[in-house]
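Remember, the numbering used here sits 404 above the position in the sequence shown when you count from 1.
Heads up, the beta-carbon is just placed ideally off N, CA and C, and yes, glycines get one too.
Keep in mind that this is a model prediction, so the values were computed, not measured.
To keep things clear, I will list the structure first and then write my remarks on it.
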Amino acid sequence: MTQLEAARKGIITEEMAYVAEREGVSPEFVREGVASGRIVIPRNKNHATLVDFKGIGEGLSVKVNANLGTSYDYVDVEEEVEKAKVAIRYGADTIMDLSTGGDLKEIRRRILEVATVPLGTVPVYEAEFRAAKRKNFFDMSADELFEVIEEHGKQGVDYITVHVGVTLKNLEVYRNSPRTTGIVSRGGGLMAAWMLHRGEENPLYARFDDLLDIARTYDMTLSLGDGLRPGSLADSTDRAQIAELLTIGELVERARRAGVQAMVEGPGHIPLNEVATNVQIQKKLTGYAPFYILGMLPVDTAAGFDHIAGAIGGALAGWWGADMLCYLTPAEHLGLPTAEQVKEGVIAFKIAAHAADVARGNPRALERNRRMSEARYRLDWETQFALCLFPEEARRLKEERGSRTKACSMCGPFCPMNLVEAVLRGKGRLELPVA
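Okay, structure coming up:
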């Protein structure tokens with residue numbers, strides 16, 4: 405049985421119980437969420453190294469995904485494995501292998517070996533890669549695409565992005581929707597070009613039942629990709645984006661009926677004043693499926709610092725109900741990220757996700773921040789280090805600029821918390837400099 409099928413039969417699986425403990429909710433809460441389709445637990449039984457199961461969806465903490473993988477221009481398997489390790493070390497809840505260069509199966513195997521969290525992929529990348537090596541991408545057959553999907557399932561991939569909403573009908577809407585940046589989704593663009601060149605329907609849509617059969621066999625969660633997402637603020641929330649979302653909403657229902665877990669991917673470049681609208685529309689049109697967003701990126705002009713801009717949009721989207729944030733790195737729109745840039749991206753988005761948890765009233769997030777504030781008022785550094793999101797960095801910065809007093813080196817003996825305790829409440833010892 406899949407997680408969804410088990411939940412509907414009233415069974416609390418090992419994965420559900422684990423998620424419940426990590427989230428501080430009851431196992432029954434998780435089971436009900438999975439049964440309704442509002443929570444997914446990506447879990448391919450063939451992923452032997454997966455031990456840190458993740459629940460994504462309503463009533464749970466906001467998750468962060470980190471993308472990595474080779475490109476046509478740059479292939480270094482060891483570096484991608486290191487990126488996976490770094491991403492997980494700094495708190496990525498899932499990782500995605502988006503490799504498009506080198507031995508893709510071997511790269512995926514190597515990343516799976518170190519992936520203690522769920523791993524996602526985009527199978528059309530590999531199908532395109534194989535066809536291009538043989539002749540060109542347009543030579544790819546529908547059967548070949550489904551063979552690749554099956555191979556990913558057998559190998560242990562936990563969830564796959566499939567751009568099922570890029571249909572001939574929705575491409576007509578796209579053609580009649582003036583856009584500044586056209587189609588910016590790599591997978592969506594590949595499918596659209598293949599369809600228009602061959603005059604054929606998207607095989608992922610036309611043969612959706614075949615896709616469901618494969619996903620159900622391996623309990624691979626379907627991440628229904630937004631191939632027509634806006635790639636600029638000028639294109640946000642346009643007809644093409646919404647037309648695709650309507651199609652995706654219908655396919656979510658079909659997936660649920662087939663016992664297959666499904667979440668929905670979202671934009672993208674969205675101004676802050678449209679973030680809430682996008683989240684609410686997605687939730688309503690997809691039966692409140694878990695919402696997995698890229699960013700959201702509220703400005704187009706932050707190249708080199710898109711991880712900061714994206715974290716701003718991501719925090720707001722998480723507050724309004726987005727369930728997983730796909731990180732951005734400083735290299736977004738510029739090139740393949742380094743391991744250090746992966747670290748920077750994960751840190752920025754873990755902070756954004758935590759800020760969203762606080763805004764949503766997540767009890768554990770609120771309690772952690774309350775305890776942090778109490779420790780800060782006591783100048784209890786060890787407790788502060790234990791509670792902060794990134795203890796190693798906090799300790800290093802504190803020790804680099806040490807103070808001669810118990811306070812930090814910013815205020816030193818004039819720390820207001822120290823002064824208040826010593827003078828107004830008569831607690832502690834007043835430490836003032838001697839002339």
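Please list, in chain order, all residues of the same chain as residue i whose beta carbon is under 7 Å from its beta carbon, the five residues on each side excluded.
{"i": "valine 485", "result": "Arg514, Ile515 and Val518"}
{"i": "tyrosine 609", "result": "Val568 and Thr571"}
{"i": "alanine 735", "result": "Pro741 and Gln745"}
{"i": "threonine 690", "result": "Ile652, Gly653, Val656 and Val668"}
{"i": "threonine 417", "result": "Gln407 and Ala410"}
{"i": "glycine 437", "result": "Ile443, Gly461, Glu462 and Gly463"}
{"i": "glutamate 804", "result": "none"}
{"i": "threonine 584", "result": "Ser636, Ala638 and Asp639"}
Does the distance from the C-beta atom of residue i to that of residue j stay below 8 Å?
{"i": "glycine 591", "j": "valine 528", "result": "yes"}
{"i": "glycine 506", "j": "valine 481", "result": "yes"}
{"i": "alanine 715", "j": "isoleucine 755", "result": "yes"}
{"i": "glycine 441", "j": "alanine 666", "result": "yes"}
{"i": "glycine 463", "j": "valine 423", "result": "no"}
{"i": "aspartate 623", "j": "lysine 449", "result": "yes"}
{"i": "glutamate 669", "j": "tyrosine 696", "result": "yes"}
{"i": "glycine 560", "j": "alanine 452", "result": "yes"}
{"i": "glutamate 530", "j": "leucine 508", "result": "yes"}
{"i": "leucine 791", "j": "phenylalanine 753", "result": "no"}
{"i": "leucine 701", "j": "glycine 672", "result": "yes"}
{"i": "tryptophan 785", "j": "alanine 760", "result": "no"}
{"i": "histidine 711", "j": "glycine 749", "result": "yes"}
{"i": "phenylalanine 789", "j": "arginine 775", "result": "no"}
{"i": "valine 526", "j": "isoleucine 492", "result": "no"}
{"i": "aspartate 704", "j": "valine 466", "result": "no"}
{"i": "glutamate 419", "j": "isoleucine 445", "result": "yes"}
In chain order, what residues of the same chain lie with their CB nearer than 6 Å to the CB of residue i, ignoring the 5 residues before and after it?
{"i": "alanine 439", "result": "Ala411 and Arg412"}
{"i": "glutamate 548", "result": "Ala531"}
{"i": "lysine 747", "result": "Val490 and Tyr494"}
{"i": "histidine 601", "result": "Phe542"}
{"i": "serine 503", "result": "Gly473, Thr474 and Ile511"}
{"i": "glutamate 605", "result": "Leu572"}
Got a sec, what are the start and stop residues for the beta strand (DSSP E) residue i sits in?
{"i": "serine 627", "result": "625–628"}
{"i": "methionine 728", "result": "728–730"}
{"i": "isoleucine 564", "result": "563–566"}
With residue i and residue j assumed to form a contact (beta carbons below 8 Å), what rounded beta-carbon distance in angstroms separates them?
{"i": "methionine 599", "j": "leucine 575", "result": "7 Å"}
{"i": "alanine 659", "j": "leucine 626", "result": "6 Å"}
{"i": "aspartate 642", "j": "serine 581", "result": "5 Å"}
{"i": "aspartate 456", "j": "valine 521", "result": "5 Å"}
{"i": "aspartate 562", "j": "leucine 615", "result": "Between leucine 615 and aspartate 562 the Cβ distance is about 16 Å, and since that is not below 8 Å, they are no contact."}
{"i": "histidine 758", "j": "leucine 801", "result": "About 19 Å; that fails the 8 Å criterion."}
{"i": "threonine 498", "j": "lysine 458", "result": "6 Å"}
{"i": "alanine 743", "j": "glutamate 483", "result": "7 Å"}
{"i": "proline 607", "j": "alanine 535", "result": "Not really, about 13 Å apart at Cβ, beyond 8 Å."}
{"i": "alanine 713", "j": "alanine 706", "result": "4 Å"}
{"i": "leucine 649", "j": "glutamine 686", "result": "6 Å"}
Since residue i is in the alpha helix (DSSP H), which residue starts that stretch and which ends it?
{"i": "leucine 549", "result": "546–559"}
{"i": "valine 423", "result": "418–427"}
{"i": "isoleucine 755", "result": "743–763"}
{"i": "valine 577", "result": "572–579"}
{"i": "glycine 700", "result": "Contrary to the premise, residue 700 reads as methionine rather than glycine in this sequence. Premise fails: methionine 700 is in no alpha helix (DSSP H) and is neither H nor E."}
{"i": "valine 438", "result": "431–440"}
{"i": "isoleucine 716", "result": "710–724"}
{"i": "alanine 597", "result": "590–602"}
{"i": "aspartate 613", "result": "612–622"}
{"i": "lysine 802", "result": "795–804"}
{"i": "phenylalanine 789", "result": "785–791"}
{"i": "alanine 411", "result": "407–412"}
{"i": "serine 813", "result": "Note, serine 813: premise wrong, no alpha helix (DSSP H); not H, not E."}
{"i": "arginine 782", "result": "Premise fails: arginine 782 is in no alpha helix (DSSP H) and is neither H nor E."}
{"i": "asparagine 448", "result": "That residue, asparagine 448, is in no alpha helix (DSSP H); it is neither H nor E in DSSP."}
{"i": "proline 820", "result": "820–823"}
Closer than 8 Å by C-beta to residue i: which residues in its own chain qualify, once you throw out the five before and the five after it? Chain order, please.
{"i": "lysine 489", "result": "Val518"}
{"i": "glycine 708", "result": "Pro734 and Leu738"}
{"i": "isoleucine 587", "result": "Tyr578, Gly593, Ala596, Gly631, Leu632 and Gly635"}
{"i": "glycine 717", "result": "Ile674, Leu676, Val679, Gly699, Met700, Leu701 and Pro702"}
{"i": "leucine 783", "result": "Lys810, Ala811, Cys819, Met821 and Asn822"}
{"i": "asparagine 773", "result": "Val762"}
{"i": "aspartate 477", "result": "Gly505 and Leu740"}
Does the ligand ZN have even one heavy atom less than 7 Å from the beta-carbon of residue i?
{"i": "valine 577", "result": "In the structure on display, the ligand ZN does not appear, and there are no ligands present to speak of."}
ask   = Which whole runs of the beta strand (DSSP E) in the segment 631–698 are 3 residues long or more, in chain order?
value = Counting only runs of 3 or more, we get 666–670 and 695–698.
key: beta strand (DSSP E) runs contained entirely in the segment 451–526, provided each spans 3 or more residues   = 467–472, 498–501 and 523–525, all fully within the segment 451–526.
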